[in-house]
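These notes are about the structure you will find just below.
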Ligand code: F6P
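Numbering (UniProt numbering), first residue to last: 1 to 569.
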């Protein structure tokens, strides 16, 4: 892409805020005008596009349609929530702060609760934070999308965690204001206000909250949000929902959604800790100052633009050759490596072995609720040495992720072992620089790894324009997203697109009454074991061919983007 084209894209930075821009979609599902051509961009250009997208998180509010991270109303709510946490920290008896979410939102709930419980331990205080992730701990490192649709499971898991508690601050995270699992939990809070105070974190305006009926429930996500808005007037519920702009890859809320979640939660909990333990009052100024530190942090990974582009290219080459990318991390940065790697499976239809993360100390370091998760989830450096290292060569890329506070001797030892097998070894290393905090290292690392894995899969040809084509259709949100994508790309009516999708899911050229009369949960359950469902449906829609023919076409042209373009032309 030429410089002038790039400038042109940048000047259209706020196009997504126009009421005419993809009006039927909430911000979190819109496509970002900045990345429309990301599938054709060079590594350097991809990095610049991702940087521009990330910087939308901190856009100024003046003249904006939506609230921003640093809008007065948002900062006000952050202060109020921090005060609630402060009260619990000062008198933790029978009290709990619960953070809960699905997918990346639940992973960040885990990361943040771990960090702040650790901080409490260092102060000889007992832990007050608990996390819930839909699908349990295996969802920390794998996609478990079906439980996201289950509001009852959400309620039950919240009840279980809070058994015997008299005062619970519940923070439900759903970037798209959409997950029924979280809606169920918020509903439970609203029905039991004597125990629970609900807080919702997400990145759409409230009128864009999902309004589809939830089977077996009398509420939708939107109706829950509306009830919360009423209670928010008397500070009995809190909504933190600034807009951070559409994701670089449409709907991929692990990126900005995840980063903004981490920023907001850390700002609130740090302010509460400072108030409870160092008598630092919670002020607007303090909150804003902390936000600005994060705003500055966004620049750090992109200040190494050339290095990042080169890494992205190297990772892209490894993936194109069908080889691996491995992250070997220490401490919380190791957790971020595990998270980023595991998200490649649902986000890009990647194989589990394509990008894998390992952490020093394995489950001992992690201290997750359920402990070791069994042979399908091996995560320690020893596991890497036994299972992966023997098969590595120069086509596989290994990335070490650590800080100067980690055991550098251990890092060197591992690096030496890796170098015997591959020279394709790189490192992301954080030094203590001024008063850089661990949370800044974490955000930097998250942005860096998200850019690396996203860019590498773009270079592999997994993205069409800025849409993930080969998405798994394993819950109702993804089912609707898949149908919408088929509509956009084929120009065919919704009913025809849904038919084509179902044919691909059930592997039939003619739909039976049994199939068409089943509900979405049956379809998404069946889709768990299927691959390339959306590309197959699209090829059938565009060419009118049978499923068998579509399969053949995709076998001959495994790069989905090229297969689709061939059909379109
Ligand atoms: O359904 C999968 C998914 O889209 C994940 O990618 C995401 O992290 C999760 O749902 C949660 O989404 P939200 O935070 O919008 O509820």
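Glycine residues also receive a C-beta, built at the ideal position from the N, C-alpha and C atoms.
Could you tell me whether any non-hydrogen atom of the ligand F6P is closer than 7 Å to the CB of residue i?
| i | result |
| --- | --- |
| residue 212 | no |
| residue 206 | no |
| residue 450 | no |
| residue 174 | yes |
| residue 528 | no |
| residue 254 | yes |
| residue 350 | no |
| residue 179 | yes |
| residue 105 | yes |
| residue 148 | yes |
| residue 30 | no |
| residue 355 | no |
| residue 233 | no |
| residue 102 | yes |
| residue 216 | no |
Which whole-angstrom value is the C-beta distance of residue i and residue j, which I expect to be below 8 Å?
| i | j | result |
| --- | --- | --- |
| residue 145 | residue 471 | With a Cβ gap of about 10 Å, residue 145 and residue 471 do not count as contacting. |
| residue 586 | residue 156 | The chain is shown from 1 up to 569; residue 586 falls before or after that span and cannot be answered. |
| residue 86 | residue 276 | 5 Å |
| residue 351 | residue 453 | Contact doesn't hold; Cβ gap of about 13 Å is too wide. |
| residue 334 | residue 359 | 3 Å |
| residue 137 | residue 370 | 4 Å |
| residue 178 | residue 227 | At roughly 16 Å, the Cβ-Cβ gap does not stay under 8 Å, so residue 178 and residue 227 are not in contact. |
| residue 225 | residue 200 | 7 Å |
Which of the three DSSP states is assigned to residue i in this structure?
| i | result |
| --- | --- |
| residue 567 | helix |
| residue 219 | coil |
| residue 511 | coil |
| residue 228 | helix |
| residue 461 | coil |
| residue 244 | coil |
| residue 172 | strand |
| residue 98 | strand |
| residue 69 | coil |
| residue 474 | coil |
| residue 427 | strand |
| residue 533 | helix |
| residue 18 | coil |
| residue 400 | strand |
| residue 239 | strand |
| residue 182 | helix |
| residue 131 | strand |
| residue 3 | Since pLDDT at residue 3 reaches only 45, below the 50 mark, its modelled position is unreliable, and the value read off the structure follows with that caveat. In this structure, residue 3 counts as helix in the three-state DSSP scheme. |
| residue 356 | strand |
When you compare the CB positions of residue i and residue j, do they come within less than 8 Å of one another, or not?
| i | j | result |
| --- | --- | --- |
| residue 172 | residue 198 | yes |
| residue 164 | residue 147 | no |
| residue 357 | residue 253 | no |
| residue 455 | residue 560 | no |
| residue 39 | residue 401 | no |
| residue 257 | residue 203 | yes |
| residue 27 | residue 301 | no |
| residue 501 | residue 522 | no |
| residue 88 | residue 167 | yes |
| residue 511 | residue 497 | no |
| residue 36 | residue 466 | yes |
| residue 170 | residue 196 | yes |
| residue 328 | residue 426 | no |
| residue 576 | residue 519 | The requested residue 576 is not part of the displayed model; the chain covers only 1 to 569. |
| residue 535 | residue 469 | yes |
| residue 548 | residue 539 | no |
| residue 313 | residue 459 | yes |
| residue 298 | residue 55 | yes |
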